[in-house]
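Per the working numbering, the very first residue in the sequence shown carries number 40; after that it's consecutive. Note that CB positions come from ideal geometry on N, CA and C, so glycine has one too. Notes to accompany the following structure.
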Amino acid sequence: MPALAHLTVSSSSCQGAARTRNQDAFLAAPRAGVFAVADGIGGLPNGDWASRSIVQALEDEATGTSLPFEQQVRLAEDAVLRTNRSLYETGCRAAPPFTMGSTIALVLVGHDRAACLWAGDSRIYLHHEGALYLLTTDHVEKIPFGAAGTSRTVLTRAVGSAPRLKLDRVTVPFAPGDTLLLCSDGVFNVLPASLLRDLIAARGENLADRIVTEALDAGTQDDATAVTIFAPQVAP
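Structure, rendered in structure tokens:
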């Protein structure tokens, strides 16, 4: 079983060429076993504030306690739900009112498992025994846009865009030799799963930096963020 103190963690984030500021935010707290990637919605105001508010709430409320695994998961989930309400009400009280929001991909690692919670289209992957598995389902919808036959993708769920929020969740085994990857769409929109699999399998130093660099080299115009969590083999 991976011990939290022995997790190998990397993280990286870079502003996209089409952005005036980086609206992604991330959290990597290996001692608490809490990790997150949040991507502020670029078409709405204050996306960077929304994403950073989520990450700050998780850091403040979910990383300073030592609780049984399910209680820790609930604490983190509640922090996201409270932030959702706060962001929504802030927008409603503004003059004029506005909507803001952010995705969230959240992982809590226990001694032999990982709980994955999400809203939006930031993703969580598991690399296990040479294969890469997508653990999340994007909350998106394609709608007609512009010329006939064209469409654009819109989020159907995000933190802060509605008064109530439901986080989807899966819990998976997390064994020695496994790697979890959290990333924003600035990464997976330009890097195929086969390349992500090969990059993770190669490991080495600064894995998240290499993933983000590959995304930039592939021409991403969006902010690119990655967090990786590797459970090494621990001698008995």
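Which full runs of the beta strand (DSSP E) of 3+ residues lie inside the segment 138 to 169, going along the chain? 143 to 148, 152 to 158 and 162 to 167
Please state whether the Cβ-Cβ distance between Pro-202 and Arg-124 is less than 8 Å. yes
Cut-off 7 Å between Cβ atoms - residues of its own chain near Pro-271, not counting five sequence neighbours on either side: His-45, Thr-47 and Pro-215
Excluding sequence positions up to five away, which residues of its chain have a Cβ less than 8 Å from the Cβ of Asp-63? Residues of the same chain with a CB within less than 8 Å of the CB of Asp-63, apart from the 5 flanking positions on each side, are Ser-52, Val-76, Ala-77, Asp-78, Gly-79, Ser-90, Ser-223, Gly-225, Asp-262, Ala-263 and Thr-264 in chain order.
In angstroms, rounded to a whole number, what distance separates the CA positions of Ile-239 and Ala-134? A direct Cα-to-Cα measurement between Ile-239 and Ala-134 gives close to 47 Å.
For Phe-213, name the three-state secondary structure that DSSP assigns. Phe-213 falls in the coil class under three-state DSSP.
Buried versus exposed, by CB contacts within 10 Å (16 or more), Leu-106: Flag for Leu-106 reads exposed.
Would you call Ile-182 buried or exposed, if buried means 16 or more other Cβ atoms sit within 10 Å of its Cβ? exposed
Determine the contact status of Thr-267 and Leu-235, defining contact as a CB-CB distance below 8 Å. no
When we look at the beta-carbon of Asp-237 and count the other beta-carbons within 10 Å, is it buried (16 or more) or exposed? exposed
In this structure, how does DSSP classify Gln-229 when only helix, strand and coil are distinguished? According to the sequence shown, residue 229 is Val rather than Gln. If DSSP states are grouped into helix, strand and coil, Val-229 belongs with coil.
Reference Asp-207, options Arg-113, Phe-137, Thr-218 and Asn-228, closest by Cα: Arg-113
Assign Arg-70 to buried or exposed, taking buried as 16 or more other Cβ atoms, counted over all protein chains shown, within 10 Å of its Cβ. exposed
How is the beta strand (DSSP E) around Ile-268 delimited, first residue to last? 263 to 269
For Ile-34, which residues does DSSP report across the bridge? Any question about residue 34 goes unanswered here, given that the chain covers just 40 to 275.
Which whole runs of the alpha helix (DSSP H) in the segment 73 to 118 are 4 residues long or more, in chain order? Qualifying alpha helix (DSSP H) stretches, in chain order: 86 to 101.
Specify, as a first and last residue, the run of the beta strand (DSSP E) that Leu-221 falls within. 218 to 222
Quick one: what's got a C-beta closer than 7 Å to Ala-254's C-beta in the same chain, skipping five residues either side? Gly-225, Val-226, Val-229, Leu-230 and Ala-263
Would you list the one or two residues that DSSP bridges to Val-251? DSSP lists no partner for Val-251.
In three-state DSSP terms, what is Ser-200? coil
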